[in-house]
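S.K.: In my numbering, the protein residues as written are 1 to 372. We treat Cβ as the ideally placed atom computed from N, Cα and C, and that holds for glycine. Below you will find the structure I want to go over with you.
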Amino acid sequence: MENHTFPFFRADHVGSLLRPAKLTSARAKWRTGNLSWEALQQVEDEAITQVAKVQEDVGLHAITDGEFRRENWWVDFIGQIPGVRIAEPDVAAEFKTDGGEGSGYLPKVVKTVAKIKHNTAILGRDYDVLAAATSETPKITLPSPTRIHFHGGRSVISEAAYPAIEEFWADVAKFYRAEIAALEERGCRYIQIDDPVVTYFLDDHMRDYLLAVGEDPNGLIDEYARLLNACVSKRRADTHLSMHLCRGNAMSSWMVSGGYSRLAQAIFPVVDVDTFFLEYDDERSGDFAPLELVGEKKNVVLGLVTSKWGDLEAADAIKRRVDEAARFVPLENLALSPQCGFASVEAGNKLDFDDQMAKLELVVNTAEEIWG
């Protein structure tokens, strides 16, 4: 889309933040029936108001609700989509520890059991509360539509509901267009699609997984690009749309290793977003050469500061890496962020609140030194 008004900030963050103890305690009580839904919402609202101010105070201009209403980054949203059901863990997709061993964390399968339809704005109240809590730009994080399909592929989509897979893609896209329109109607102008599925195509193990469930990896990544574009095709011209390509982030464990070259041609010049958030916090991410395919009309937010561990990066080292990336993307189209959220799942990563704030402050200060 052309002529967007960009809320493109040199210092940004992916979205999730460490949950305060009062909030995790309230959610635990709600799960066991010892706290009402209304009382939980009040605790969440208060925590979100506080975390919005925390982000403002550190110097951020894109403000999220920390994903404080979510068990993890995707399940609370996708679990509310009419026609889908959250099912068993996918044992073939275990996350890995920093040393490469299995972490025990398994993402769950999503099964489509009936026609997908959009009845109400799932994230509508989330946006309203966040917008009321900040004078800066509220950002809503939207779990990717690819998450509905990947774990199991065609085998987890009801053939009674969808005898032709094309009808499934069409209904998913229609649902996302309606959700985005509902957010825009409320005033939302910064939406981020979080997608840890597209990066699976970088990993030989996950490509073999796709073959095992009857999917063609090379064809499917193109199908996902078409799906993503169909989902966002009706957005307003003044809505800024970003996409975070996640490599897995659960309690400091990860999922995917490999440089971006395997997906660059299929995604970077094709998917109709304004900005890509890309993870570059360790050697697993490869070099910056694939960024050449992003082009000059899109932005890249470099995730050079890890959210997995508390050790603080050196500002000079970050600046050198930005300089390296600027060989492939113009400096004016680059920005800086942590590589992922600090709590993609409720338990959070293996660092504390002070570590998190030091990381965010580092991002803000380093971006100021680079871009002014």
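Between L334 and V300, is the Cβ-Cβ spacing less than 7 Å?
M.R.: yes
S.K.: Would you identify the three-state DSSP class for A87, choosing helix, strand or coil?
M.R.: strand
S.K.: Helix or strand or just coil, what does DSSP make of Q192?
M.R.: strand
S.K.: Would you list, in sequence order, the uninterrupted alpha helix (DSSP H) runs of no fewer than 4 residues that lie entirely inside the region 195–282?
M.R.: 204–212, 217–232 and 261–267
S.K.: By DSSP, does A21 sit in helix, in strand, or in coil?
M.R.: helix
S.K.: Counting pairs of beta carbons, one from the region 191–210 and one from the region 126–136, are three or more of them closer than 8 Å?
M.R.: no
S.K.: Taking the alpha-carbon positions, what's the F68 to I81 distance?
M.R.: Near 19 Å, if we compare the C-alpha coordinates of I81 and F68.
S.K.: Given a threshold of 16 other Cβ atoms within 10 Å of its Cβ, counted over all protein chains shown, does N349 qualify as buried or as exposed?
M.R.: buried
S.K.: When the Cα of L183 is compared with those of D57, A114 and D238, which residue comes out closest?
M.R.: D238
S.K.: Taking the continuous beta strand (DSSP E) assigned at V113, which residues delimit it?
M.R.: That residue, V113, is in no beta strand (DSSP E); it is neither H nor E in DSSP.
S.K.: Identify whether G303 lies in helix, strand or coil by the three-state DSSP scheme.
M.R.: strand
S.K.: With DSSP run on the structure shown, which of helix, strand or coil describes A315?
M.R.: Note: A315 maps to helix in three-state DSSP.
S.K.: From the DSSP output, in three-state form, read off I157 for me.
M.R.: strand
S.K.: Buried or exposed for A121, going by 16 or more other Cβ atoms inside 10 Å?
M.R.: buried
S.K.: Grab the span of the beta strand (DSSP E) containing A131 for me, first residue to last.
M.R.: Where A131 is concerned, there is no enclosing beta strand (DSSP E), although the alpha helix (DSSP H) it sits in stretches over G124 to A133.
S.K.: Run through the DSSP bridge pairs and tell me what P143 is partnered with.
M.R.: In DSSP, P143 forms a bridge with D194.
S.K.: Just the Cα atoms here: how many angstroms apart are K359 and N365?
M.R.: 10 Å
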